[in-house]
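**Q**
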């Protein structure tokens, strides 16, 4: 094994504001060190509405993909709302690893990151 | 399973100061991807006094909740002290995932986050 | 169980500089939700010299302690060098949880945190 | 055991820009608390090209090493591209612990860190 097939990120949020010419954004950073492409499925959860998705992506063998969550083109056309707390789940047919990061420039320039929770 | 029932966050702290119009705060970000509501119980630990709580909340099925720890209304009326190191534990009757985040604007604009420790 | 007895933090560093009146520092945030005091032992590792320690501390039952690593008084008199990469290990006779955080004000105001690796 | 032999970091990125006299950089922070040197092998993954490496390093017994990923001298001459999303894998013959950190000064002064995913 080189990873897990089920990952969870509880703290996702696309800030509504950006400053300094740096767009606030988030990335779901996936790594597939295996020899087979991974078919990954995203589901997005909210506080007060039903989940959105699934969004199905293909992560190549021996590749990483830092999926921009603010970019509908990266999510099969899905536009996530800005300024709204959300969370997401990633299911994969091959073992992968997921780390979630945010750049928030609402009031400065601040990055954060965490490994997702995997099973 | 899709998560765990017992989570721990050792580094919690509500900064006493805020600048730039951004309120320093923390959030306990919970995710419940299951089909049943989760009953979650928070207990808060301190360096030099007995724990506070329990605070009992209900996290809906297939929902996330970014629980604002600086908001007594989110915690059944409990007001956590600012400027004091604390920690917390979350117990749940259903599997959930917990990630803890802080925005500290005391001296700038800085975010941090970590997955909690789950069992 | 409510934690583990052996924890590791690879990325520790006490910045040599501070600005804005905010002292750059690190904290080893421990949580003991159990009913017995925990006896914890710190060992500090470096890139080019032998380890320092042990430093033995007592973490009360049902208490957290955000141990300031820049404060010799918190570490039984041990003064860790500033501006030097280090790492540390914590061994405990009771299950505890460890999270490591840094405030770096060398060139701004930036926090980071991560759960330690536990066994 | 005191660590694992296989680690993964999905979110790596060497910012192309730096400000304030602080070089944007990343570090792969390794800790070996054991009594034997660890032979560690890095492989670097990208979004649109084949992996780079291996890069073989020796981490001394009872030592930490905060390997600067922007420094070809630390990576046996390998110069990683700046401004390009990447990821990496570390394999070791001895148990070690890996934590990944970034300083990004492109638009401010921001640190982030996460424990790597280990197996």
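Chains as they are written, first to last, in the numbering used here: chain G, 1 to 119; chain S, 1001 to 1119; chain F, 2001 to 2119; chain D, 3001 to 3119. Just so it is clear, CB atoms sit at the ideal spot from N, CA and C, and this is done for glycine as well. These figures come from a predicted structure and were not determined experimentally.
#1: State buried or exposed for residue 3104 of chain D, treating a residue as buried only when at least 16 other CB atoms are found within 10 Å of its CB.
#2: Under 9 Å Cβ-Cβ, which residues of chain S neighbour residue 56 of chain G?
#3: Taking all protein chains shown into account, do 16 or more other C-beta atoms lie within 10 angstroms of the C-beta of residue 1021 of chain S, making it buried, or fewer, making it exposed?
#4: Along the chain, which unbroken stretches of the beta strand (DSSP E) at least 3 residues long are found entirely within the segment 3035-3087 of chain D?
#5: Under 8 Å by Cβ, that's how I've got residue 2024 of chain F and residue 2114 of chain F pegged, so tell me the actual separation to the nearest angstrom.
#6: In the DSSP output, which residue or residues are listed as bridge partners for residue 2008 of chain F?
#7: For residue 2109 of chain F and residue 36 of chain G, I'd like the C-alpha separation in whole angstroms.
#8: Can you find a C-beta in chain F that's less than 8 Å from the C-beta of residue 1120 of chain S?
#9: According to DSSP, what are the bridge partners of residue 3027 of chain D?
#10: For residue 1072 of chain S, collect the residues of the same chain with a Cβ closer than 7 Å to its Cβ; drop the 5 residues on either side in sequence, then sort them by chain order.
#11: Against residue 91 of chain G, what residues of chain S qualify as contacts under a CB-to-CB distance less than 8 Å, listed in chain order?
#12: For residue 3042 of chain D, return the contacting residues in chain G, with the cut-off set at a CB-CB distance below 7 Å.
#13: Check the Cβ-Cβ distances between residue 2062 of chain F and every residue of chain S, and say whether any is below 8 Å.
#14: Which whole-angstrom value describes the C-beta separation of residue 1012 of chain S and residue 1083 of chain S, a residue pair presumed to lie in contact below a C-beta threshold of 8 Å?
#15: Could you name the residues that DSSP lists as bridge partners for residue 110 of chain G?
#16: Using a C-beta to C-beta distance shorter than 8 Å, which residues of chain D count as neighbours of residue 2083 of chain F?
#17: Give a yes or no on whether the C-beta atoms belonging to residue 1026 of chain S and residue 1070 of chain S are separated by under 8 Å.
#18: Can you tell me which of the three DSSP states residue 3158 of chain D falls into?
#19: In the DSSP output, what is residue 2096 of chain F paired with across the bridge?
#20: Using the Cα positions of residue 40 of chain G and residue 58 of chain G, report the straight-line distance between them to the nearest angstrom.
#21: Take residue 3085 of chain D and list the residues in its own chain whose beta-carbon comes closer than 7 Å to its own, dropping the five residues that flank it on each side.
#22: Ordered along the chain, which non-local residues of its own chain (more than five positions away) have a Cβ less than 7 Å from that of residue 2061 of chain F?
#23: Anyone know if the C-beta pair for residue 2064 of chain F and residue 2030 of chain F falls short of 8 Å?
#24: Check whether the Cβ of residue 1020 of chain S lies closer than 8 Å to any Cβ atom in chain F.
#25: Beta-carbon of residue 1066 of chain S versus every beta-carbon of chain G: anything under 8 Å?
#26: In the segment 2104-2115 of chain F, which residues sit with their C-beta less than 8 Å from some C-beta in chain S, listed in chain order?
#27: If distances are taken between C-alpha atoms only, which option among S:1044, S:1050, S:1049 comes closest to residue 1091 of chain S?
#28: Once the 5 residues before and after residue 3053 of chain D are set aside, which same chain residues still bring their CB inside 6 Å of it?
#29: Is the separation between the beta-carbon of residue 75 of chain G and that of residue 97 of chain G shorter than 8 Å?
#30: Can you grab the Cα-Cα spacing for the pair residue 7 of chain G / residue 3116 of chain D, in whole Å?
#31: For residue 1024 of chain S, would you say it is in contact with chain G, using Cβ-to-Cβ distances shorter than 8 Å as the test?
#32: Just how far apart, CA to CA, sit residue 5 of chain G and residue 118 of chain G?
#33: Rounded to a whole number of angstroms, what is the C-alpha to C-alpha distance between residue 3095 of chain D and residue 1088 of chain S?
#34: Would you say residue 2095 of chain F reaches chain D, if we count a Cβ-Cβ gap shorter than 8 Å as a contact?
#35: Is residue 3070 of chain D close to chain G? Criterion is C-beta to C-beta, closer than 8 Å.
**A** Let me spell this out:
#1: In the fourth chain, residue 3104 of chain D corresponds to position 104, counting from 1. By the 10 Å Cβ count, residue 3104 of chain D comes out buried.
#2: By one-based count along the first chain, residue 56 of chain G stands at place 56. Under the 9 Å cutoff, chain S gives no residues; its nearest Cβ is about 17 Å from residue 56 of chain G.
#3: To locate residue 1021 of chain S, count along the second chain from 1; it is residue 21. Residue 1021 of chain S comes out exposed.
#4: 3038-3046, 3052-3059, 3063-3068
#5: Along the third chain, read from residue 1 onward, the residue named residue 2024 of chain F stands at position 24. Along the third chain, read from residue 1 onward, the residue named residue 2114 of chain F stands at position 114. 17 Å between Cβ atoms; not a contact.
#6: Numbered from 1 along the third chain, position 8 holds the residue referred to as residue 2008 of chain F. According to DSSP, which records beta bridges pairwise, residue 2008 of chain F is partnered with F:2089, F:2117.
#7: The count along the third chain starts at 1 and reaches residue 2109 of chain F at position 109. The count along the first chain starts at 1 and reaches residue 36 of chain G at position 36. Distance between the alpha carbons of residue 2109 of chain F and residue 36 of chain G: 43 Å.
#8: No information on residue 1120 of chain S is available, as it lies outside the stretch 1001 to 1119 that chain S covers here.
#9: Within the fourth chain, residue 3027 of chain D is the residue found at index 27, counting from 1. Per DSSP, D:3068, D:3101.
#10: Counted from its first residue, the second chain places residue 1072 of chain S at position 72. Hits under 7 Å: 1078, 1079.
#11: Residue mapping note: residue 91 of chain G aligns to position 91 of the first chain, counting from 1. Within chain S, no residue comes near residue 91 of chain G; the closest Cβ sits about 10 Å away, beyond 8 Å.
#12: On the fourth chain, residue 3042 of chain D is found 42 positions in, with the first residue counted as 1. Per Cβ cutoff of 7 Å: no residues; residue 3042 of chain D is ~12 Å from chain G at best.
#13: In the third chain, counting from the first residue as 1, residue 2062 of chain F sits at position 62. Cβ-Cβ to chain S under 8 Å: yes for residue 2062 of chain F.
#14: As a first step, residue 1012 of chain S must be located in the second chain, where it is residue number 12. As a first step, residue 1083 of chain S must be located in the second chain, where it is residue number 83. Incorrect: roughly 12 Å between the Cβ atoms, too far for contact.
#15: Position 110 of the first chain, counted from the start, is the residue given in the question as residue 110 of chain G. G:104.
#16: As a working mapping, residue 2083 of chain F is identified with position 83 in the third chain. By Cβ distance, chain D contributes nothing, its closest Cβ being about 12 Å from residue 2083 of chain F, past 8 Å.
#17: Mapped onto the second chain, residue 1026 of chain S falls at position 26. Mapped onto the second chain, residue 1070 of chain S falls at position 70. Contact flag set, yes.
#18: What the structure shows of chain D is the stretch from 3001 to 3119, and residue 3158 of chain D is not part of that stretch, so it cannot be assessed.
#19: In the third chain, residue 2096 of chain F corresponds to position 96, counting from 1. F:2004.
#20: In the first chain, residue 40 of chain G corresponds to position 40, counting from 1. In the first chain, residue 58 of chain G corresponds to position 58, counting from 1. The alpha-carbon atoms of residue 40 of chain G and residue 58 of chain G are separated by roughly 6 Å.
#21: What you label residue 3085 of chain D is simply residue 85 of the fourth chain in a count that begins at 1. Hits under 7 Å: 3013, 3047.
#22: Locating residue 2061 of chain F in the third chain gives position 61, where the first residue counts as 1. Within the same chain, residue 2061 of chain F has close Cβ partners 2032, 2034, 2035, 2036, 2037.
#23: Here residue 2064 of chain F refers to the residue found at position 64 of the third chain. Here residue 2030 of chain F refers to the residue found at position 30 of the third chain. Taking 8 Å as the Cβ cut-off, residue 2064 of chain F and residue 2030 of chain F qualify as a contacting pair.
#24: For the purposes of this step, residue 1020 of chain S is taken as residue 20 along the second chain, with counting starting at 1. No, because no Cβ of chain F sits closer than 8 Å to the Cβ of residue 1020 of chain S.
#25: Here residue 1066 of chain S corresponds to residue number 66 of the second chain, with the count starting at 1. Chain G, which has a Cβ nearer than 8 Å to the Cβ of residue 1066 of chain S, makes this yes.
#26: 2105, 2108, 2109, 2110, 2111, 2112, 2113, 2114, 2115
#27: Indexing the second chain from 1 puts residue 1091 of chain S at position 91. Residue S:1044 is the option with its Cα nearest to residue 1091 of chain S.
#28: The residue given as residue 3053 of chain D occupies position 53 in the fourth chain. Closer than 6 Å at Cβ, skipping near neighbours: 3042, 3043, 3044.
#29: Along the first chain, one-based indexing puts residue 75 of chain G at 75. Along the first chain, one-based indexing puts residue 97 of chain G at 97. No, the pair does not count as a contact, with Cβ atoms beyond the cut-off.
#30: Here the question's residue 7 of chain G lines up with position 7 in the first chain. Here the question's residue 3116 of chain D lines up with position 116 in the fourth chain. Those two C-alpha atoms are separated by around 15 Å.
#31: For the purposes of this step, residue 1024 of chain S is taken as the residue at position 24 of the second chain. No, because no Cβ of chain G sits closer than 8 Å to the Cβ of residue 1024 of chain S.
#32: Position 5 of the first chain holds residue 5 of chain G. Position 118 of the first chain holds residue 118 of chain G. Using only the alpha carbons, I get a separation of about 7 Å.
#33: Within the fourth chain, residue 3095 of chain D is the residue found at index 95, counting from 1. Within the second chain, residue 1088 of chain S is the residue found at index 88, counting from 1. Going by the C-alpha atoms only, they are around 31 Å apart.
#34: In the third chain, residue 2095 of chain F corresponds to position 95, counting from 1. So no, residue 2095 of chain F is outside the interface.
#35: Locating residue 3070 of chain D in the fourth chain gives position 70, counting from the first residue. Judged by the 8 Å Cβ criterion, residue 3070 of chain D is not in contact with chain G.
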